[in-house]
Amino acid sequence: AQSVTQLGSHVSVSEGALVLLRCNYSSSVPPYLFWYVQYPNQGLQLLLKYTSAATLVKGINGFEAEFKKSETSFHLTKPSAHMSDAAEYFCAVSESDMRFGAGTRLTVKP
Amino acid sequence: DAGVTQSPTHLIKTRGQHVTLRCSPISGHKSVSWYQQVLGQGPQFIFQYYEKEERGRGNFPDRFSARQFPNYSSELNVNALLLGDSALYLCASSLATVPQETQYFGPGTRLLVL
Numbered sequence: 001a002q003s004v005t006q007l008g009s010h011v012s013v014s015e016g017a018l019v020l021l022r023c024n025y026s027s028s029v030p031p032y033l034f035w036y037v038q039y040p041n042q043g044l045q046l047l048l049k050y051t052s053a054a055t056l057v058k059g060i061n062g063f064e065a066e067f068k069k070s071e072t073s074f075h076l077t078k079p080s081a082h083m084s085d086a087a088e089y090f091c092a093v094s095e096s097d098m099r100f101g102a103g104t105r106l107t108v109k110p
Numbered sequence: 111d112a113g114v115t116q117s118p119t120h121l122i123k124t125r126g127q128h129v130t131l132r133c134s135p136i137s138g139h140k141s142v143s144w145y146q147q148v149l150g151q152g153p154q155f156i157f158q159y160y161e162k163e164e165r166g167r168g169n170f171p172d173r174f175s176a177r178q179f180p181n182y183s184s185e186l187n188v189n190a191l192l193l194g195d196s197a198l199y200l201c202a203s204s205l206a207t208v209p210q211e212t213q214y215f216g217p218g219t220r221l222l223v224l
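Listed in order, the protein sequences are those of chains A and B. Going by the working numbering, 56 is the number at position 56 of the first sequence; the sequence numbering is gapless. Offset between the second sequence (1-based) and the working numbering: plus 110.
Next comes the structure, spelled out in structure tokens:
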């Protein structure tokens, strides 16, 4: 059965520092993987998705993620954090339906 | 273009009552999915509808039901509410039901059961 595990429920970085949010997946077929962001009191917004076209996926707001089959990982990165990046981030895998991880809350310190 | 809209935004009910949540998809999208997001957790899949037919169902009791109308809008119904049904209910729309299709989420309906 498909599932994702997000390592670290809370991540705190300084403004301008590298952002790394970890996601590992489990899937019986080649996976389709997504990263979504959720700001307080809002729905989810798609950051990027992997659909097997390229292993390095670039998304909105300077985020990117690399699909590593050997590590079953799809970690999200951003070279330089901005205060506006503070939010909840969800990794998801899609087979017959979409399964989300528990989320990682990103805090950005000034 | 308008995004996914949901109504109401907030709702307070008491145990045992019934609730109906509504969702209007992005224009041109024929698929609607419903998710439950309990505080501090990721969204959990409840239902997916496409062209008015149920295409998928998550691990939720029969108290949960949904339908999709000819204009592709959708309703989620929950009967005999329990305290544990308190959550943010998210609706998402997409063009199709294939796994690689992007789902676009609405702002959600926050349900509190007392």
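No residue lacks a Cβ here, since even glycine has one placed at the ideal position from N, Cα and C.
Bridge partner(s) assigned by DSSP for residue 12/A: Reading the first sequence from its first residue, position 12 is the one you call residue 12/A. In DSSP, residue 12/A forms a bridge with 107/A.
C-alpha gap between residue 178/B and residue 38/A, whole angstroms: Taking the first residue of the second sequence as position 1, residue 178/B is located at position 68. Taking the first residue of the first sequence as position 1, residue 38/A is located at position 38. So the alpha carbons of these two residues sit roughly 26 Å apart.
Cβ shell of residue 159/B (< 8 Å), same chain only, five flanking positions each side left out: Residue mapping note: residue 159/B aligns to position 49 of the second sequence, counting from 1. 141, 142, 143, 165, 176, 177, 178, 184, listed in sequence order.
Option nearest residue 129/B by Cα separation, candidates 152/B, 135/B, 196/B, 138/B: For the purposes of this step, residue 129/B is taken as the residue at position 19 of the second sequence. Of 152/B, 135/B, 196/B, 138/B, the residue nearest in Cα terms is 196/B.
Contacts around residue 97/A, its chain only, beta-carbon distance under 7 Å, and the 5 residues preceding and following it disregarded: Translated into the one-based positions of the first sequence, residue 97/A becomes position 97. For residue 97/A, where only same-chain residues beyond five positions count, there are no Cβ hits under 7 Å.
Closest residue to residue 51/A among 112/B, 214/B, 217/B, 209/B (Cα-Cα distance): Reading the first sequence from its first residue, position 51 is the one you call residue 51/A. Comparing Cα positions, the closest option is 209/B.
Contact with chain A by residue 178/B, beta-carbon distance below 8 Å: Within the second sequence, the letter at position 68 stands for residue 178/B. False, the Cβ-Cβ gap to chain A never drops below 8 Å.
Beta-carbon spacing of residue 119/B, residue 224/B below 8 Å: Here residue 119/B refers to the residue found at position 9 when the second sequence is read from its first residue. Here residue 224/B refers to the residue found at position 114 when the second sequence is read from its first residue. Result no, Cβ atoms of residue 119/B and residue 224/B do not sit closer than 8 Å.
Minimum Cβ-Cβ distance from residue 216/B to chain A less than 8 Å: Numbered from its first residue, the second sequence carries residue 216/B at position 106. Output row for residue 216/B: interface = yes.
Distance between beta carbons of residue 93/A and residue 30/A, contact taken as under 8 Å: If you number the first sequence from 1, residue 30/A lands on position 30. If you number the first sequence from 1, residue 93/A lands on position 93. With a Cβ gap of about 11 Å, residue 30/A and residue 93/A do not count as contacting.
Beta-carbon proximity of residue 4/A to residue 78/A, cut-off 8 Å: The residue labelled residue 4/A in the question sits at position 4 within the first sequence. The residue labelled residue 78/A in the question sits at position 78 within the first sequence. Not closer than 8 Å, so no.
Whole alpha helix (DSSP H) elements within the stretch 41-107 of chain A, 4-residue minimum: none
Euclidean distance between Cα positions of residue 15/A and residue 40/A: Working through the first sequence from its first residue, we reach residue 15/A at position 15. Working through the first sequence from its first residue, we reach residue 40/A at position 40. Their Cα atoms are separated by approximately 19 Å.
Contact with chain B by residue 7/A, beta-carbon distance below 8 Å: Taking the first sequence and counting its residues from 1, one reaches residue 7/A at position 7. So no, residue 7/A is outside the interface.
Candidates 212/B, 198/B, 171/B: closest to residue 150/B by CA position: In the second sequence, the residue the question calls residue 150/B occupies position 40. Residue 150/B has its Cα closest to that of 198/B, out of 212/B, 198/B, 171/B.
Element boundaries [beta strand (DSSP E), containing residue 173/B]: Residue 173/B sits at position 63 when you count from the first residue of the second sequence. First-last for residue 173/B: undefined, no H or E at that position.
Closest residue to residue 174/B among 156/B, 114/B, 152/B (Cα-Cα distance): The residue you call residue 174/B lines up with position 64 of the second sequence. Closest by alpha carbon: 156/B.
Beta-carbon neighbours of residue 151/B, restricted to chain A and to distances below 8 Å: Counting from one through the second sequence, the residue named residue 151/B turns up at place 41. The answer, in chain order, is 102, 103.
DSSP bridge partner residues for residue 203/B (one or two, in chain order): For this step, residue 203/B is matched to residue 93 along the second sequence. For residue 203/B, which the question treats as bridged, DSSP gives the partners 142/B, 214/B.
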